[in-house]
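Working notes for the structure below.
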Amino acid sequence: MAKRLFDVVAASVGAIALAPVMLCAAIAVRLTSSGPVFFHQERMGRGFRPFRIHKFRTMVADAPARGGELTAGADPRITPVGRFLRWTKIDELPQLINVIKGEMSLVGPRPEVRRYVEQYRQDFSELLSVRPGVTGVASIMFRDESRLLAEADDAEQAYVQHVLPEKIRLEKEYLQRASFCFDQQLIWKTLWTVARG
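Numbering (my numbering), first residue to last: 1410 to 1606.
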């Protein structure tokens, strides 16, 4: 209950305080590339319930037709503005709405798409016992995930066989240590990581 209360209050305050930033991001996306301002995608939430995650669109409008769901390195589908939004994590700010709606938490295991969840369903039965998070241990540890995937011969295979299992391990460790204080540490560590670049 305390975690949910903190999520709602912090996400609401954050959405109001960061409204000018989000407005600027929305205008930048609209003016620099054709297509919608927001990107919506189905992810698996608590109890395997699917929900639509919200982000600012950082790729060309027809990105799915040009490649898979993963992005690696200097993916040509990423727009110049999108690259900045990704690097600063501003593209993730619309997820504050997901938090307010109760679909996500500020801190928790990152939500994955259905097909990855199905490949590791037993592991995700544990991870999805809680609300997925905007940030978390795996998010911090894999900040340079796209660069790592760019170095692989097969990004999809590298993600499924190496990156995702390690993320799952880290998220399970989070669940064992989860507490209000640990969540605060992860939030501040996320902010520090983003500010440091």
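Don't be surprised by glycine CBs; every beta carbon is placed ideally from N, CA and C.
The model shown is predicted, which means the values in this text are computed figures rather than measured ones.
> Looking only at its own chain, which residues have a Cβ that is under 8 Å from the Cβ of glutamine 1504, when we skip the five neighbours before and after it?
Replying inline: Position 95 of the sequence shown holds residue 1504. Around glutamine 1504: Ile1462, His1463, Lys1464, Met1513 and Val1543.
>> On the DSSP letters alone, give me the boundaries of the alpha helix (DSSP H) that serine 1534 sits inside.
In response: Position 125 of the sequence shown holds residue 1534. First-last of the alpha helix (DSSP H) with serine 1534: 1530-1536.
> Taking all protein chains shown into account, do 16 or more other C-beta atoms lie within 10 angstroms of the C-beta of alanine 1564, making it buried, or fewer, making it exposed?
Replying inline: Walking along the sequence shown from the start, residue 1564 turns up at place 155. Label assigned to alanine 1564: buried.
> Between the region 1577-1586 and the region 1489-1496, do at least 3 Cβ pairs fall closer than 8 Å?
Replying inline: no
> Can you find a heavy atom of the ligand FMN that lies under 7 Å from the Cβ of proline 1485?
Replying inline: As for the ligand FMN, it is missing from this structure, which has no ligand bound.
> Out of Arg1519, Ser1443, Lys1598 and Cys1590, which has the shortest C-alpha to C-alpha gap to glutamate 1575?
Replying inline: Taking the first residue of the sequence shown as position 1, residue 1575 is located at position 166. Ranking the options by Cα distance to glutamate 1575, first place goes to Arg1519.
>> What would DSSP say about threonine 1544, mapped onto helix, strand or coil?
In response: Locating residue 1544 in the sequence shown gives position 135, where the first residue counts as 1. Strand, per DSSP.
> Counting Cβ pairs, one atom from each stretch, are 3 or more of them under 8 Å apart for the region 1444-1462 and the region 1528-1544?
Replying inline: yes
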